[in-house]
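Input: a single structure, listed below in structure tokens.
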Amino acid sequence: MSAGTVGMTRAIALAVALAGVCTTASGEADAEHADEGEGFVTLTRHEQIDAGVETEPAELRKLRTTVVLPAEVVVNGYRSARVTPRIPSIVEERHVRLGDDVDKGEPLATLSSVVMAEAAGELMLAAYEWRLVRELGRDAVSGRRYAEAETAQRKAMARVLAYGLTESQADALSKSDDLRALSGWFDLLAPRAGTVFSDDFVVGELVEPGRVLVEIVDESSVWVEARAADLPDAERGDTAHIVAGDGGRFEGRVVHRHHRLDEATRTRALRIEVDNVGDRLHPGQFVEVEVETGVTEPILAVRRAAVTLVEGSESVFRLEGDEFHPVRITRSGDLGDWVVVAAGLEPGDMVATAGVFHLKSLLLKSSLGSGHAH
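For the sequence shown, the working numbering gives the first residue as 12, with consecutive numbering after it.
As structure tokens, this is what we get:
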């Protein structure tokens, strides 16, 4: 073998060896950053503020554990009213429709009743007798007649009030001598403000006492009732979270924990009161209830808002200097507003918790360009 051939052979061997070293080093680097997505976003502190980007460290936290129960939104019985006539009546006029907002004392329907007409006649007669006796005075009439007239007037007044007249209407009737007041017509009034939730009647219908004509509901506050065979040990006043089908979350408080089992389902109910912000919850709607049950040992967690999808993988943006790097994480569960991280982060890593969508947009832009963005 010539000297030239030997030299060429040694050069090739050296090149192969160097290539192997470079390949190994590159592989180690790739393994070291295998949890990081391609590219990064560079933002100065001033640019972060302008973009609304906020960061906080991933930390070991003691989180409240929860149990999730299926539940249904129902009417808040303490903020609703069922309006019914107290005497047999005919519906003469309708004043409200389904979905209308009404104020307390507003007429819902006009009714007529023979019973009311008779009671009105008795009141007018008793009131006339009472006025006459008072004008004559105690010296001109016997004490018995005076007492009987006063009692009769009060009984007649109480009767028309019990049948559905207001105090002002009853007072005006007692002072009237107009026989048209004996028609027996009167208004069914709203006992509270709210929304007409049901109006099960038609004009001309004969309705009996106890028949619910109108249901009025104040939906600014609703109840959410969860049922389970084994309810968590929630007490009155404990916090619970409601999760709607559209992802909306609402905070409520436990107001009652039933002690009696339902005979049909063999379950008990947990009632939660919720302020219905934005009128997003409606009776009959199915939701989920998250009830706190205890506290975990310290676990690594980040806010739910910090987690996003990057190239199909759950990731967070980790801040390194002025650079936000997308880092793939392994989620081991959710606890309330927190995501428990099993792998991908270390305690103390700074991650973006606000402005994440903006960072993701810049990252997408950079992937179409030079590999990072400003």
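We put the CB at the ideal spot given by N, CA and C, even for glycine.
- Bridge pairing for alanine 120: Arg105 and Leu199 [DSSP].
- Burial of aspartate 198 is indicated by the presence of at least 16 other C-beta atoms within 10 angstroms of its C-beta.
- Going by beta carbons, aspartate 229 and serine 91 fall inside the 9 angstroms limit.
- In the three-state DSSP reduction, leucine 292 falls in the coil class, being neither helix nor strand.
- If only uninterrupted beta strand (DSSP E) runs of at least 3 residues are considered, those enclosed by the stretch 218-303 are 225-228, 232-239, 250-254, 260-268 and 279-286.
- In the DSSP assignment, threonine 162 falls outside any beta strand (DSSP E) and lies within the alpha helix (DSSP H) extending over 154-174.
- Nearest neighbour of serine 343 by Cα position, chosen from Arg105, Leu356, Phe297 and Arg260, turns out to be Leu356.
- Within the DSSP bridge table, the entry for threonine 206 names Asp112 and Val228 as partners.
- The residue among Glu117, Glu308, Ala169 and Leu71 with its C-alpha nearest the C-alpha of arginine 203 is Glu117.
- Look at isoleucine 60 here: in three-state DSSP terms it is helix.
- In the DSSP assignment, glutamate 65 is bridged to Ala365.
- Non-local beta-carbon contacts of glycine 63 in its own chain, meaning distances under 8 angstroms to residues more than five positions away in sequence, involve Ala365, Gly366 and His369 in chain order.
- For alanine 353, the closest alpha carbon among the candidates Arg339, Arg108 and Ala192 is that of Arg339.
- Looking only at Val113, His336 and Gln164, the smallest Cα-Cα distance to tryptophan 141 is reached by Gln164.
- DSSP, read as helix, strand or coil, puts arginine 315 in helix.
- Within the same chain, Pro68, Ala69, Glu70, Leu71 and Leu311 come within 8 angstroms of proline 358 by CB-CB distance, once the 5 residues on both sides are set aside.
- Minimum Cα-Cα distance from glycine 332 among the listed residues Glu303, Thr319, Ala317 and Val362 corresponds to Val362.
- A Cβ-Cβ contact shorter than 9 angstroms links valine 107 with valine 225.
- Distances from the alpha-carbon of isoleucine 283 to those of Lys186, Lys371, His252 and Gly256 put His252 closest.
- If you draw a 10 Å sphere on the C-beta of aspartate 360, you find 16 or more other C-beta atoms in it, and that means buried.
- A Cβ-Cβ separation of about 57 angstroms leaves threonine 76 out of contact with glutamate 104 under the 8 angstroms criterion.
- Going by C-alpha positions, alanine 192 is about 48 angstroms away from histidine 267.
- Around the beta carbon of histidine 270, fewer than 16 other beta carbons sit within 10 angstroms, so the residue counts as exposed.
- For aspartate 188, there is no enclosing beta strand (DSSP E), as DSSP marks it with neither H nor E.
- Your pair methionine 135 and isoleucine 98 does not check out as a contact, with CB atoms roughly 18 angstroms apart and the cut at 8 angstroms.
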